[in-house]
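Participant: First the structure, which I've put down as structure tokens, then a few questions once you've had a look.
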Amino acid sequence: MTWFGRFRRRTALDRDLDRELQDHLERRTQALMAAGLTPAQARRQAAIESGGAEQVKEAVRDVRGTRWAHDFAQDVRYGARSLRKSPGLLVAAVLSMGLGIGANTAIFSLVDAVLLRALPVRAPQELVVLENDSFTNPIWEEMRRLAPAFSSGALAWSEERLDLSNGGETDPASGLWVSGSFFETLGVQPALGRLIDPADDRRGGGQDGPTVAISHAFWQRRFGGDPAVIGRTLAISGVPFTIVGVVPARFLGPSVGRSFDVAIPIGTVDLVKPGGPQSQLDGRSTWWLSVMFRLRTDQSIDAATAALRGVQPQIREATLPTDWPAEMLTRYLNEPLELSPAATGMSEARRHYREPLLALMGIVGLVLLVACANVANLLLARAAARQHELSARLALGASHGRLIRQLIAESLVLALPGAVVGLTLALWGSRFLVAQLATSESAVALALPLDWRLLGFLTGLSIATALAFGLAPAWRTRRVDASDAVGHATHSRVTRRGAVSGPLVVGQVALSLVLVVVAALLGRTFSALATRDLGFDPDDLHTVGIELRRTAMEARPELATRLGEAAARIPGVRHGAVSVVEPMSGMGWNGPITVPGGPQRSGRDRMSMFNAITPGWFATYGTRVIAGRDFDRRDDRGAPVAIVNEAFARHFFGTPAAVGRRVVMETGPGRPSCGR
Amino acid sequence: MPILRRARAKGADADDVRSDLPQGTLDLLILKVLAPEPLHGYAIAQRLQQVSRDVVQVQQGTLYPALHRLEQRGYLSASWKASDTGRDAKFYKLTKQGHAQLESGTASWERLAAAVGLILRLEGGRP
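Chains as they are written, first to last, in our numbering: chain A, 680 to 1355; chain B, 45 to 171.
Shown next, in the form of structure tokens:
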């Protein structure tokens, strides 16, 4: 019989043992009677010889090796019973622990998702990413051609908002442009149908025409998980794509913090975005693809980097941008390519949230310590009140060790509902936090599964917590004396309480103080951010995004202007205007500026941010125009004009007076600046 | 009160057979008397006492833990059967593993006993 069997079948085993010993006793009694003793004498003699039935049974039970487990189970039962008698303590302790454990688990699940967890793909440790943002398709095609020289596979992707509507209102979705090798090289298997493969990644689509693989979430949301979805078409920017498969639920894409709805081959980009005379696939300065490689087994990242740099000149020469100034071309040719590990995926989210998350982890750690101290204090107070009970136990033969085990078991009993409350809080809290991270512009999608990592963390934390707060009262039992059970010793013990709980209270106050200071600083930062002068008046300001992708390039300015004017005529609207870049949207448009006759500037020093606006935009945003005038409709056709801000004027002219000065936008004709 | 510690009968160990028999020997003796036929606990104690001419007297507090330990290790199997007196008794039977253990235990005991004998027969402490 296994240990577990012996543990579970204790009652049956005990009954069996009883019978066995009883049989022995009767046989001995009969033997003694046969030897001439009276039945009473014989029974007495046999009992004496046995050495005490209970003692024999205990010795046999010791052999089973299950005693500690039964003792523990008994302690837990007893702990639960005695805690039920003090519901106030139970509620306070469970809430304290629940909050502490919940906060820690919630933050841990984020830390795990953002910083620690590997991508759910085959052998993620073999993945390396080509450093520095993005690359042009010509570069990717060269990389793909040369990849066998330095890796066992290469893949490229790019994320973009796409429109799935078939005319009418736009239907935005997160798109993922993928190379044909993307899923195969990552080792992602389809949940349904097949995924995009190299045959699909041809210019204009492969044999099956333009194909799309959809994400599991999108499949559920849009198609209700219908398996008949394979073979149906999905309009992407009005172009029909055939759905070939569904990506498994756990694969959210290569970027941690973001997910995608549809994955389409890079080769079909021209169908979706018929931009200009040159294909985006041939654009030598259209930087849009991210590139990853899979190392060969036992190939180091350094070896791969060296091999990659060996073919770098070839790649660079073949993909030289055509319209770049010589200075930038030199840098383009010489900047060494860099690989870095990509097992945990790529992530903007990671860059942004790494430090805040670690700081949060530290703070919730402090919260947990305070919660522990809190519960420890409660238990200490209770232990003081139970002094009498404990000394009575000692007097009845319990050892100090047994008492300590008993109190620790009670702590664990207390920790269990705490952990349950904590888990509930954590599941809710981590999703709430992720929802808070998202803005209207970008949703943050993190896989936050209730997996063994999270449960392991929770269990470990709960046990550690229980030990932490159970230790103080348990340690104190060493001072309990069996003689205390007699008389009124309880009183004298209670007065000595301060000896242990004193430092505890001090620690608790110190930790709480740290937390209060941190909270105050956070509050201060928040209010500073909330009341900061944005340079415009956000009250009553409403912004609307307009999707113009389906409008011909030339017709866009006219349409935008008319839309702005139409909006301004709506009753109750004071001003209306249109701009290319929305302030605070995180979007930007920059370019180099030269001041005729001014000093030579280079690099960042000559860059400025741009926006294109319609007349009335400053009035709409409530931004003051210090000098000069606003644009009007004449400027569309007249001499090129610009409005600059004070910071620009100080930087490029050295003075706030800017009206009438001339600047050159390097990509366009010279324009005089006008106004602020 | 669950926390009550069982009073361990420390005194009972004093006149225990263990103080006379070297460690582990009792297990070997039990295996030996069970080798010819299955016996119940009482009969095992009787047989040990008879065969050893009253030298080996095993207390219940030693015998039953030993039997249960041997059973757990797989050397013995136990079952309830009618005994000669007509009452049911728990009979212990040597398993295949038990036979093997008895053999290897006997061999190592004999080797040890012979070695101890050699040393004890020295005259003047020199060969």
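Cβ atoms here follow ideal geometry from the backbone N, Cα and C, with glycine treated the same way.
In chain B, which residues lie with their C-beta within 7 Å of the C-beta of A/His703?
Facilitator: Gly85, Tyr86 and Gln104
Participant: Nearest chain A C-beta to B/Arg97 closer than 7 Å, yes or no?
Facilitator: no
Participant: Mind checking if A/Ser761 is an interface residue toward chain B, Cβ cutoff 7 Å exclusive?
Facilitator: no
Participant: How close, in whole Å, do the beta carbons of A/Ser964 and A/Pro1000 come, if the pair is a contact with beta carbons under 8 Å?
Facilitator: 4 Å
Participant: Would you say the segment 913 to 920 of chain A touches the segment 827 to 837 of chain A, given that touching needs at least three Cβ pairs under 8 Å?
Facilitator: no
Participant: Would you please state the rounded distance, in angstroms, between the beta carbons of A/Val672 and A/Thr1240? I believe it to be under 8 Å.
Facilitator: Since the first and last residues shown for chain A are 680 and 1355, residue 672 of chain A lies out of range.
Participant: Should the segment 102 to 117 of chain B be called in touch with the segment 149 to 159 of chain B, which here means at least 3 C-beta pairs below 8 Å?
Facilitator: no
Participant: Step through the CB atoms of chain A and report whether any lies within less than 7 Å of the CB of B/Arg113.
Facilitator: yes
Participant: Would you list, in chain order, the members of the segment 130 to 159 of chain B that have their beta-carbon closer than 8 Å to a beta-carbon of chain A?
Facilitator: From the segment 130 to 159 of chain B, only Arg131, Asp132, Ala133 and Lys134 have a Cβ closer than 8 Å to chain A.
Participant: Hey, does B/Pro66 have any beta-carbon neighbour from chain A nearer than 7 Å?
Facilitator: no
Participant: On the DSSP bridge list, what partners appear for A/Ser1287?
Facilitator: A/Gly1270
Participant: With DSSP run on the structure shown, which of helix, strand or coil describes A/Glu1014?
Facilitator: coil
Participant: Output, in chain order, the set of chain B residues within a Cβ distance shorter than 9 Å of A/Leu700.
Facilitator: Around A/Leu700, the beta-carbon contacts reaching into chain B at under 9 Å are Gly85, Gln104 and Tyr108.
Participant: Apart from the five residues just before and just after A/Phe897, which ones in its own chain have a Cβ nearer than 6 Å to its Cβ?
Facilitator: Apart from sequence neighbours up to five positions away, the residues of its chain that approach A/Phe897 with a beta-carbon distance below 6 Å are Asp940, ordered along the chain.
Participant: Does the distance from the C-beta atom of A/Gly1357 to that of A/Gly1255 stay below 7 Å?
Facilitator: Outside the modelled stretch of chain A, which goes from 680 to 1355, sits residue 1357 of chain A, for which no answer is possible.
Participant: For the segment 768 to 776 of chain A against the segment 1018 to 1030 of chain A, do three or more pairs of beta-carbon atoms, one drawn from each stretch, fall closer than 8 Å, so that the two count as touching?
Facilitator: no
Participant: Tell me, to the nearest whole angstrom, how far the beta carbon of A/Gly847 is from that of A/Leu1125; I am working on the premise that it is less than 8 Å.
Facilitator: Taking the Cβ atoms as the reference, A/Gly847 lies roughly 32 Å from A/Leu1125, outside the contact range of under 8 Å.
Participant: Assuming A/Ser1141 contacts A/Leu789 under a Cβ cut-off of 8 Å, what Cβ separation, rounded to an integer in Å, is found between them?
Facilitator: Not really, about 19 Å apart at Cβ, beyond 8 Å.
Participant: Can you check whether the C-beta of A/Gly684 is within less than 7 Å of a C-beta belonging to chain B?
Facilitator: Answer no: the Cβ-Cβ gap between A/Gly684 and chain B never drops below 7 Å.
Participant: In this structure, how does DSSP classify A/Phe686 when only helix, strand and coil are distinguished?
Facilitator: A/Phe686 falls in the helix class under three-state DSSP.
Participant: Specify the secondary structure class of A/His1221 as computed by DSSP and reduced to three states.
Facilitator: Three-state DSSP puts A/His1221 in coil, outside helix and strand.
Participant: State the Cα-Cα distance for the pair A/Gly1127 and A/Val793, rounded to the nearest angstrom.
Facilitator: According to the sequence provided, residue 1127 of chain A is Leu. The question's Gly does not apply to it. A/Leu1127 and A/Val793 have their C-alpha atoms roughly 10 Å apart.
Participant: Is the number of C-beta pairs between the segment 1082 to 1095 of chain A and the segment 1053 to 1069 of chain A that are closer than 8 Å three or more?
Facilitator: yes
Participant: Could you check which residue in A/Val990, A/Glu863 and A/Val891 has the C-alpha nearest to that of A/Glu821?
Facilitator: A/Val990
Participant: Cβ of A/Val1304 within 7 Å of Cβ of A/Phe1297?
Facilitator: yes
Participant: Is there a C-beta anywhere in chain B that falls below 7 Å from the one on A/Gly1139?
Facilitator: Closer than 7 Å to the CB of A/Gly1139 there is not a single CB belonging to chain B.
Participant: So A/Ala878 packs on A/Gly885, CB below 8 Å; how close in whole Å?
Facilitator: 5 Å
Participant: Using a threshold of 7 Å, state whether the C-beta atoms of A/Gly1301 and A/Phe1205 are closer than that.
Facilitator: no
Participant: Select from A/Thr864, A/Gln1085 and A/Leu778 the residue whose C-alpha is nearest the C-alpha of A/Phe972.
Facilitator: A/Thr864
Participant: In angstroms, rounded to a whole number, what distance separates the CA positions of A/Leu1106 and A/Ala1151?
Facilitator: Those two C-alpha atoms are separated by around 31 Å.
Participant: Using CA atoms only, rank isn't needed, just tell me which of A/Cys1051, A/Leu950 and A/Ala732 is closest to A/Arg698.
Facilitator: A/Ala732
Participant: Any beta carbon from chain B within less than 7 Å of A/Arg706's own beta carbon?
Facilitator: Closer than 7 Å to some Cβ of chain B, the Cβ of A/Arg706 qualifies, so yes.
Participant: Per DSSP, which residues does A/Asp1212 bridge with? Please list them.
Facilitator: Paired residue(s): none; A/Asp1212 is not in a bridge.
Participant: If I measure Cβ to Cβ from B/Arg117 and keep anything under 6 Å in the same chain, skipping five residues before and after, which residues do I get?
Facilitator: none
Participant: Using a Cβ-Cβ distance cut-off of 7 Å, determine whether A/Gln734 contacts chain B.
Facilitator: yes
Participant: Distance check for A/Ile1249 and A/Asp850, CA to CA, integer angstroms please.
Facilitator: Roughly 25 Å separates the two Cα atoms.
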